[in-house]
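In our numbering, the protein residues as written are 5 to 329. Glycine residues also receive a C-beta, built at the ideal position from the N, C-alpha and C atoms.
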Ligand SMILES: Cc1cc2nc3c(=O)[nH]c(=O)nc-3n(C[C@H](O)[C@H](O)[C@H](O)COP(=O)(O)OP(=O)(O)OC[C@H]3O[C@@H](n4cnc5c(N)ncnc54)[C@H](O)[C@@H]3O)c2cc1C
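Right, here's the structure in full:
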């Protein structure tokens, strides 16, 4: 394992300064459940770890501006067990409970989950220099691509692995980003960027910036939400395909609707065309099939992952039916 130094800043300004000014490659470390794997395998070559654990105010779930502020250092188990989250946002609770194992949820943080690196086996192999690591090829494109993207590939076909991200985006969450010039707040949906923007990163954080918290608006009247995750195994696993659906239930249908999928694209994937089909109609199996069909017009499955198209319909149906039930 490579040697690295650890910095233990006490304030958000110190974090931003350390990240911006470090002469060597620097990485933030929260719970370390993803980063330490990358360091041990040699995929990350960071020489400086900026430890977020000493910072006051980054952890915890608190009511704020008519919603909930969830600090980046909040542990996933705290999110899963929070009474207000369970009451107001069942999809978020379900997403938190569905991910990894109890041990990982005890250590892993919300910020780490939202900023974790992809699980693509070519990216995770230290011998392979793929496009995400500055190389010229995406080896998944013509190689083994059973678990890869069917939407938004654009030269790199990872899928973004976070379960929390689709749930939070469908609920209209915003992200608070710490920068050397103060905080900025953007929709969480805009926090993620595909390989067409910058193939080496999955989010818009610039050097020196970090995620401080996310904010979820309180549910509107008659708002319901659901998260459905299909996995290959009965035990812990990443999503093959998952769907987070949030909407206002009216007359057996959805007056407002937001659908975000995981496991299908390099970023959490919003299904706007499916939303358009579903909005304002009584939900039936035929309407859900039409909605999935509309979304799948944008899909480009690879050699081994055409099965994901069927899963898109299956998770969408389960999640939408759960919301209107
Ligand atoms: C066996 C296993 C199974 C898993 N299964 C699932 C699953 O089913 N679903 C799922 O969603 N996840 C899964 N994960 C991923 C797991 O949820 C993440 O490892 C964990 O959430 C990361 O949190 P952490 O605090 O340990 O992050 P760290 O490992 O400390 O950091 C992860 C990455 O995020 C960056 N980072 C951390 N905090 C911030 C911040 N505040 N701002 C900017 N960047 C930051 C780090 O630099 C690093 O690149 C699994 C992991 C393992 C090892």
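*asked:* For ligand 1, I want to know if residue 304 counts as a neighbour, meaning its beta carbon is within less than 8 Å of at least one of the ligand's heavy atoms.
replied: Reading the chain shown from its first residue, position 300 is the one you call residue 304. Residue 304: no, Cβ never under 8 Å from ligand 1.
*Report the option in 107, 142 and 117 whose CA atom is closest to the CA atom of residue 99.*
Here residue 99 is taken as the residue at index 95 of the chain shown, counted from 1. Ranking the options by Cα distance to residue 99, first place goes to 117.
_Could you tell me which whole beta strand (DSSP E) segments of length 3 or greater appear in the stretch 228-299?_
245-254 and 257-266
*Could you have a look at residue 145 and say whether DSSP puts it in helix, strand or coil?*
For the purposes of this step, residue 145 is taken as residue 141 along the chain shown, with counting starting at 1. The answer is helix: DSSP assigns residue 145 an H, G or I state.
*asked:* With distance defined between alpha-carbon atoms, name the residue in 182, 172 and 124 nearest to residue 162.
replied: Start at 1 with the first residue of the chain shown, and residue 162 comes out as number 158. With distances taken between Cα atoms, residue 162 lies closest to 124.
*asked:* Rounded to the nearest angstrom, what separates residue 301 and residue 14 at their Cα positions?
replied: As a position in the chain shown, residue 301 is number 297, starting the count at 1. As a position in the chain shown, residue 14 is number 10, starting the count at 1. Going from the Cα of residue 301 to the Cα of residue 14 covers about 49 Å.
*Nearest to residue 347 by alpha carbon, out of 266, 218 and 314?*
A query on residue 347 cannot be resolved here, the shown segment of the chain reaching from 5 to 329 and no further.
*Range covered by the alpha helix (DSSP H) that runs through residue 153*: By 1-based counting over the chain shown, the position of residue 153 is 149. Here residue 153 belongs to no alpha helix (DSSP H), and DSSP marks it neither H nor E.
*asked:* Taking the straight line between their C-alpha atoms, what separation do you get for residue 330 and residue 289?
replied: Missing from the structure shown is residue 330; the chain here goes from 5 to 329 and no further.
*Distance CB(residue 256)-CB(residue 232) smaller than 9 Å*: The sequence position of residue 256 within the chain shown is 252, counting from 1. The sequence position of residue 232 within the chain shown is 228, counting from 1. Against a cut-off of 9 Å, the Cβ pair of residue 232 and residue 256 comes out as no contact.
*Based on Cα-Cα distance, which residue from 322, 178 and 208 lies nearest to residue 71?*
Taking the chain shown and counting its residues from 1, one reaches residue 71 at position 67. With distances taken between Cα atoms, residue 71 lies closest to 178.
_C-beta atoms of residue 135 and residue 156 nearer than 9 Å_ = Here residue 135 refers to the residue found at position 131 when the chain shown is read from its first residue. Here residue 156 refers to the residue found at position 152 when the chain shown is read from its first residue. No, they are not a contact pair.
_Quick check on this structure: which residue in 83, 170 and 148 has the alpha carbon closest to the alpha carbon of residue 263?_
If you number the chain shown from 1, residue 263 lands on position 259. Residue 263 has its Cα closest to that of 170, out of 83, 170 and 148.
*Just mark residue 122 as buried or exposed, buried being the case when its beta carbon has 16 or more other beta carbons within 10 Å.*
Taking the first residue of the chain shown as 1, we reach residue 122 at position 118. Looking at its Cβ environment, which holds 16 or more other Cβ atoms inside 10 Å, residue 122 is buried.
*What do you get for residue 280, buried or exposed, if any count of 16 or more other CB atoms within 10 angstroms of its CB means buried?*
The residue given as residue 280 occupies position 276 in the chain shown. Residue 280 should be labelled exposed.
*May I ask you to check if the CB of residue 117 is nearer than 8 Å to at least one heavy atom of ligand 1?*
Along the chain shown, read from residue 1 onward, the residue named residue 117 stands at position 113. Checking every heavy atom of ligand 1 against the Cβ of residue 117, one is found closer than 8 Å.
*Below 6 Å CB to CB, which residues in the same chain sit around residue 109 once its five sequence neighbours on both sides are set aside?*
In the chain shown, residue 109 corresponds to position 105, counting from 1. Same-chain partners within the cutoff: 80 and 81.
*Three or more C-beta pairs closer than 8 Å, one from the stretch 6-22 and one from the stretch 51-61: is that the case here?*
yes
*With a Cβ-Cβ cutoff of 9 Å, do residue 64 and residue 111 count as a contact?*
In the chain shown, the residue the question calls residue 64 occupies position 60. In the chain shown, the residue the question calls residue 111 occupies position 107. No, Cβ-Cβ distance for residue 64 and residue 111 is not below 9 Å.
_Nearest neighbour of residue 52, chosen from 74, 77, 21 and 75 [CA to CA]_ = If you number the chain shown from 1, residue 52 lands on position 48. Nearest of 74, 77, 21 and 75 to residue 52, Cα basis: 21.
*Environment of residue 249 [buried if 16+ CB atoms lie within 10 Å]*: Reading the chain shown from its first residue, position 245 is the one you call residue 249. Classification of residue 249: buried, given that the 10 Å Cβ count is 16 or more.
*Opening and closing residue of the beta strand (DSSP E) in which residue 214 lies*: The residue given as residue 214 occupies position 210 in the chain shown. 214-221 is the extent of the beta strand (DSSP E) around residue 214.
*Which runs of the beta strand (DSSP E) spanning at least 3 residues fall entirely within the stretch 174-215, listed in chain order?*
178-183 and 186-191
*asked:* Considering only heavy atoms of ligand 1, does any lie closer than 8 Å to the CB of residue 240?
replied: Mapped onto the chain shown, residue 240 falls at position 236. The answer is yes for residue 240.
*Kindly give me the distance between the Cβ atoms of residue 278 and residue 295, rounded to whole angstroms, as I take these residues to be in contact under 8 Å.*
On the chain shown, position 274 is the one that residue 278 refers to. On the chain shown, position 291 is the one that residue 295 refers to. Rounded, the Cβ-Cβ distance is 4 Å, consistent with contact.
*asked:* When you compare the CB positions of residue 266 and residue 298, do they come within less than 9 Å of one another, or not?
replied: What you label residue 266 is simply residue 262 of the chain shown in a count that begins at 1. What you label residue 298 is simply residue 294 of the chain shown in a count that begins at 1. In this structure, residue 298 does not lie closer than 9 Å to residue 266 by Cβ.
*Rounded to whole angstroms, what's the CA-CA distance from residue 200 to residue 77? Just pull it up for me.*
Indexing the chain shown from 1 puts residue 200 at position 196. Indexing the chain shown from 1 puts residue 77 at position 73. Going from the Cα of residue 200 to the Cα of residue 77 covers about 30 Å.
*Kindly examine ligand 1 and report whether one of its heavy atoms sits closer than 8 Å to the Cβ of residue 111.*
By 1-based counting over the chain shown, the position of residue 111 is 107. Checking the Cβ of residue 111 against ligand 1 gives yes.
*Is there at least one non-hydrogen atom of ligand 1 closer than 8 Å to the beta-carbon of residue 131?*
Walking along the chain shown from the start, residue 131 turns up at place 127. Not under cutoff, so the answer is no.
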